[in-house]
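First the structure, in the form of structure tokens, and then the observations on it.
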Amino acid sequence: MSNRTFTHVCALLIVVFMTAIAHYAIAYSALIRGYETSSLVAYRNVGLILLLALLPIALRKLLSYRGSWIPYTACVILFSIGLTVQYRLFSDREYVADIDPAVRSKIENSTMSDREKSRALLSAKFDAIARERAAKIRTAQMHYVTENYSAEKKQMVGLPASDPHPVDLSQETPRPVKESLSGTIFSSNTWIPLFAIVSFVIVFFLVRRDDVQRLLQENGVVIVLLTLIPLFFAALTSSAGKFLGNMTPWEPAKVPFLIGFAAILSVLYRNLARTYWGLPRAKDVLPLVFMAVVPFLPFFVLKDFGQMMVFSAVYATLYLIAVRRFSQRFVLVGSVLLAVSILIVGALPPSTQAKVPLLPTVAAPVRSVLPDRIQQRFHLWLDGFDPPSPDTDWWKDDYDRYYADLVKNNPKLPGMLEDDPALQRSINTDAWFDMLAFQPAQATFGIASGGVTGRGFGLGYPELIPVSDSDYIYAAIGEELGLSGGLLVTFALILFVTAGVQIARDSRDMFSKLCSIGLAAFIGFQALVNIGGITRALPMTGITLPFVSHGGFSLVTSFAMLGMLMAFSHRNAMDRLRDTLKSETTVSEAAV
908 MSNRTFTHVC
918 ALLIVVFMTA
928 IAHYAIAYSA
938 LIRGYETSSL
948 VAYRNVGLIL
958 LLALLPIALR
968 KLLSYRGSWI
978 PYTACVILFS
988 IGLTVQYRLF
998 SDREYVADID
1008 PAVRSKIENS
1018 TMSDREKSRA
1028 LLSAKFDAIA
1038 RERAAKIRTA
1048 QMHYVTENYS
1058 AEKKQMVGLP
1068 ASDPHPVDLS
1078 QETPRPVKES
1088 LSGTIFSSNT
1098 WIPLFAIVSF
1108 VIVFFLVRRD
1118 DVQRLLQENG
1128 VVIVLLTLIP
1138 LFFAALTSSA
1148 GKFLGNMTPW
1158 EPAKVPFLIG
1168 FAAILSVLYR
1178 NLARTYWGLP
1188 RAKDVLPLVF
1198 MAVVPFLPFF
1208 VLKDFGQMMV
1218 FSAVYATLYL
1228 IAVRRFSQRF
1238 VLVGSVLLAV
1248 SILIVGALPP
1258 STQAKVPLLP
1268 TVAAPVRSVL
1278 PDRIQQRFHL
1288 WLDGFDPPSP
1298 DTDWWKDDYD
1308 RYYADLVKNN
1318 PKLPGMLEDD
1328 PALQRSINTD
1338 AWFDMLAFQP
1348 AQATFGIASG
1358 GVTGRGFGLG
1368 YPELIPVSDS
1378 DYIYAAIGEE
1388 LGLSGGLLVT
1398 FALILFVTAG
1408 VQIARDSRDM
1418 FSKLCSIGLA
1428 AFIGFQALVN
1438 IGGITRALPM
1448 TGITLPFVSH
1458 GGFSLVTSFA
1468 MLGMLMAFSH
1478 RNAMDRLRDT
1488 LKSETTVSEA
1498 AV
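Residue numbers for the sequence shown follow the numbering used here, beginning at 908 and rising by one.
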């Protein structure tokens, strides 16, 4: 692909045009289901993509950018797809249905216990969703009657007699949108993308400077330690992996952790070649081990298995790039494969282990030390549609809470279980899908229903997938755009990672090389873990899809990483330009 700024701006303007068409399709599909979408939000989304499409002109003219535009174009494509899918979901009245303020106030001010209040609020939430779903069903039913029932049949059901005819949406009164101008302007969905774009520009402006790069390289350990203190505080005070409501401030920590590891590896990589029996010296390895282990501590506290997977993959990639000897690479790859094999064997469901002789005996020690969350994720991955036994260690507490709630609502249930022991299997299945397996099951069904070309924007049912605007946004894309939309996202990610690898290859110093490959690896592995989890190729870990998922810190971090990568690309281009000018000067002097 050409690296001319004009070519990429034209490509991005096409993306703007396609985004506008997609938003119109979503608005029309909403009318079919009986509700309006916000034109203000549509204008805002198209405006954000237009801003990104024209930003290369400013970067080229004002900051003299000379690097590769490929990662930027790939990220804008991903961001446009993400904004469009979020517009589809947040416009759906069923997906954003909320409790009536009067009902919420009545429950919160009641004398019920906190647990009873939570249960009552959840029930009110489900009631609101059910009302919106019923309204969509009624609209669909009336459209079917209008288009297919004869005049006599319509009269029989109490409707005006008329021959079957197409529905005229302009004559209908859809449920009005609740979005206001002030609400759109001051929405976090407006300011977070703008802040992400500003962060991208600031990071690019700073990192392209030689003095800033030297500062980062020489103070990598200090940067990591300064990051670790507030990160640990946020992790210890978090609830269910969230901080201060729904925030994830550990997302930006990826950048300083990457800088710290790359800084120390760029200093020690030559010493790693001095090996004894294929292993480097302890004094060279221990600093690397320390820097590699540090990020895992807060994520272990958070029980964030997904981030640990991503960090492990990125650090292993950086080490493979830095070391030169085959024996060292062989030891690293072998160690990683051994650790992954032990983890998988220990986390396999008992029904799967029983098929291999001696495997349950070998896996028992590993299973005893694995956190319940990891065993749960592996069961969802390998045997998600078959619930575990109620006496399974990591499932027993959740099942007992679910059963206790049932007994509270129906005191006769224990007696019914004595009369019919098979009833427990039905209760266990309901508990499994109500508490854990519903989301991945709905995602699987959604992707399967999308087929090759998808149901079309606004014509699928991604609103039935909880959190389909964030962790499960790839399932929403797969349902409404099908395999074609999924491949478009995958192609854009491959384009970004390939460009990052090329930038790393062009870098003159080891620090820039490691940072470039690390940035590309972070985006690539995070996308791989997210998409692999949704498609059940990997365990689901609950991390976002870069540039696509709805999120605050995740989106800002992704754009900051893009700014760093483009800064390294710019420095590579300037190095080539200086080499060219130097060679031309040398030739001219020789000719004279």
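Ideal Cβ positions, reconstructed from N, Cα and C, are used throughout, including at glycine.
Residue i (DSSP reduced to helix, strand or coil)
{"i": "R1082", "result": "strand"}
{"i": "P1318", "result": "coil"}
{"i": "Y942", "result": "strand"}
{"i": "P1008", "result": "helix"}
{"i": "W976", "result": "coil"}
{"i": "T1046", "result": "helix"}
{"i": "I1384", "result": "helix"}
{"i": "M1471", "result": "helix"}
{"i": "P991", "result": "Correcting the residue identity first, residue 991 is Thr in this sequence and not Pro. Reduced to three states, the DSSP call for T991 is helix."}
{"i": "R1280", "result": "helix"}
{"i": "E1001", "result": "coil"}
{"i": "Y1379", "result": "coil"}
{"i": "R1415", "result": "coil"}
{"i": "G1458", "result": "coil"}
{"i": "A1068", "result": "coil"}
{"i": "S1087", "result": "coil"}
{"i": "F1207", "result": "helix"}
{"i": "R1443", "result": "coil"}
{"i": "S1248", "result": "helix"}
{"i": "P1453", "result": "coil"}
{"i": "D1075", "result": "coil"}
{"i": "A1329", "result": "coil"}
Euclidean distance between Cα positions of residue i and residue j
{"i": "Y1368", "j": "H930", "result": "17 Å"}
{"i": "S936", "j": "Y972", "result": "42 Å"}
{"i": "S1094", "j": "L1088", "result": "10 Å"}
{"i": "G1213", "j": "L1287", "result": "14 Å"}
{"i": "L1366", "j": "S1057", "result": "26 Å"}
{"i": "A1444", "j": "A1169", "result": "30 Å"}
{"i": "L1113", "j": "S1258", "result": "55 Å"}
{"i": "S1030", "j": "A1037", "result": "10 Å"}
{"i": "R888", "j": "G1357", "result": "In the structure displayed, the chain extends from 908 to 1499; residue 888 sits before or after that span and is not available."}
{"i": "V1162", "j": "R1045", "result": "50 Å"}
{"i": "F1139", "j": "V1200", "result": "14 Å"}
{"i": "L962", "j": "T1464", "result": "19 Å"}
{"i": "I964", "j": "P1067", "result": "59 Å"}
{"i": "A1383", "j": "G1361", "result": "10 Å"}
{"i": "A1254", "j": "A1270", "result": "8 Å"}
{"i": "A960", "j": "A1348", "result": "37 Å"}
{"i": "T1018", "j": "S1025", "result": "13 Å"}
{"i": "R951", "j": "S987", "result": "12 Å"}
{"i": "T1299", "j": "L1330", "result": "18 Å"}
{"i": "L1101", "j": "G1459", "result": "11 Å"}
{"i": "L1204", "j": "Q1282", "result": "20 Å"}
{"i": "G1451", "j": "D1376", "result": "What sits at residue 1451 in the sequence shown is Thr, not Gly. Each residue's alpha carbon lies about 10 Å from the other."}
{"i": "A932", "j": "F1364", "result": "6 Å"}
{"i": "S1391", "j": "G1449", "result": "24 Å"}
Beta-carbon separation (whole angstroms), residue i vs residue j, contact threshold 8 Å
{"i": "R940", "j": "A1047", "result": "7 Å"}
{"i": "I1410", "j": "L1472", "result": "6 Å"}
{"i": "A1223", "j": "L1239", "result": "6 Å"}
{"i": "A1428", "j": "V1221", "result": "5 Å"}
{"i": "S1423", "j": "G1439", "result": "Not quite, the Cβ-Cβ distance comes to about 24 Å (not below 8 Å), so this is no contact."}
{"i": "L1172", "j": "L1195", "result": "6 Å"}
Buried versus exposed, by CB contacts within 10 Å (16 or more), residue i
{"i": "K1043", "result": "buried"}
{"i": "G1353", "result": "buried"}
{"i": "V1247", "result": "exposed"}
{"i": "S998", "result": "buried"}
{"i": "K1420", "result": "buried"}
{"i": "F1197", "result": "exposed"}
{"i": "D1413", "result": "buried"}
{"i": "G1322", "result": "exposed"}
{"i": "W1098", "result": "exposed"}
{"i": "H915", "result": "buried"}
{"i": "A1311", "result": "exposed"}
{"i": "E1370", "result": "buried"}
{"i": "H1457", "result": "buried"}
{"i": "L890", "result": "As displayed, the chain neither begins before 908 nor continues past 1499, which places residue 890 out of reach and without an answer."}
{"i": "E1001", "result": "buried"}
{"i": "D1486", "result": "exposed"}
{"i": "S1476", "result": "buried"}
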